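So for the sequence shown, our numbering puts the first residue at 79; every next one is plus one. Note that the Cβ used here is the ideal one computed from N, Cα and C, for glycine as well. Small disclaimer: the values here were computed from a predicted structure and weren't measured. Before any comments, here is the structure.
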Amino acid sequence: MPEALVAERRTLPPRAARGAEVIANLTLGAVWTHVIDALQGGNDMAHRAALEALKRMRGRETQPFADHARIEVLERLSSRTIAILWQDATRCRYADQVWVRCQARKIGRCALTGAGIVRGDIVYKPQRRNASLGNARAMILASALPD
79 MPEALVAERR
89 TLPPRAARGA
99 EVIANLTLGA
109 VWTHVIDALQ
119 GGNDMAHRAA
129 LEALKRMRGR
139 ETQPFADHAR
149 IEVLERLSSR
159 TIAILWQDAT
169 RCRYADQVWV
179 RCQARKIGRC
189 ALTGAGIVRG
199 DIVYKPQRRN
209 ASLGNARAMI
219 LASALPD
């Protein structure tokens, strides 16, 4: 461990010192040791940080898009497709975006109503021509749309 870091570690409270040690180990290339230690519960601070990061990631995936988006069904193009106006100042804006009817493969929330979606529900999803769509993971329950 570098001398400056050792001296700094001595002046830190025990928890912060462990955090400084984790950072030092990561910068020295002991990434796998750190990961194994965290998985085995030997490093509470790193373990808690990893759990918090996982919770934040999960929250983002299930967060309803309707919080920031203005969504309008423009027209039914066919029995399986609809055209959507999607305006979201925080993500993207699409006029005449084509959405396709399918079965949900993942759990989520309806972008229109916020209702929960489970695997197997009939939903509409953006037609993917490009993997970088700002609303690529969004879904609308088919039952939320008028016939």
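Exercise for review: With a threshold of 16 other CB atoms inside 10 Å of the CB of residue 218, please say whether the residue is buried or exposed.
Suggested key: As a first step, residue 218 is located in the sequence shown; it is residue number 140 there, counting from the start. The residue in question, residue 218, is buried, as its Cβ has 16 or more Cβ neighbours within 10 Å.
Review point. Alpha carbon to alpha carbon, how far is residue 167 from residue 214?
Key: By one-based count along the sequence shown, residue 167 stands at place 89. By one-based count along the sequence shown, residue 214 stands at place 136. Rounded to whole angstroms, residue 167 to residue 214 spans 16 Å at the Cα level.
**Study point:** Cutoff 7 Å; reference residue 198; Cβ partners in own chain excluding five residues on either side
**Key:** In the sequence shown, the residue the question calls residue 198 occupies position 120. Taken in chain order, the residues that qualify are 181, 182.
Check your understanding: Going by the CB atoms, is the gap between residue 177 and residue 200 shorter than 7 Å?
Key -> Walking along the sequence shown from the start, residue 200 turns up at place 122. Walking along the sequence shown from the start, residue 177 turns up at place 99. No, the Cβ-Cβ distance between residue 200 and residue 177 is not below 7 Å.
Check your understanding: Which residues in the same chain have their Cβ closer than 8 Å to the Cβ of residue 169, if we skip the five residues on either side of it in sequence?
Key -> Along the sequence shown, read from residue 1 onward, the residue named residue 169 stands at position 91. Closer than 8 Å at Cβ, skipping near neighbours: 143, 146, 147, 212, 213.
Review point. Can you give the Cα-Cα distance for residue 114 and residue 127, rounded to whole angstroms?
Key: As a working mapping, residue 114 is identified with position 36 in the sequence shown. As a working mapping, residue 127 is identified with position 49 in the sequence shown. Cα to Cα, the separation comes out at about 15 Å.
Check your understanding: Between the Cα of residue 221 and the Cα atoms of 179, 210, 185, 153, which residue gives the shortest distance?
Key -> Within the sequence shown, the letter at position 143 stands for residue 221. Nearest option by C-alpha distance: 179.
**Study point:** Alpha carbon of residue 106 to alpha carbon of residue 130, nearest angstrom
**Key:** For this step, residue 106 is matched to residue 28 along the sequence shown. For this step, residue 130 is matched to residue 52 along the sequence shown. Bear in mind that the predicted position of residue 106 carries a pLDDT of just 48, short of 50, making it too unreliable to give a figure here.
Check your understanding: Is residue 203 buried or exposed, if buried means 16 or more other CB atoms sit within 10 Å of its CB?
Key -> Stepping through the sequence shown from its first residue, residue 203 is reached at position 125. With 16 or more Cβ atoms within 10 Å of its Cβ, residue 203 is classed as buried.
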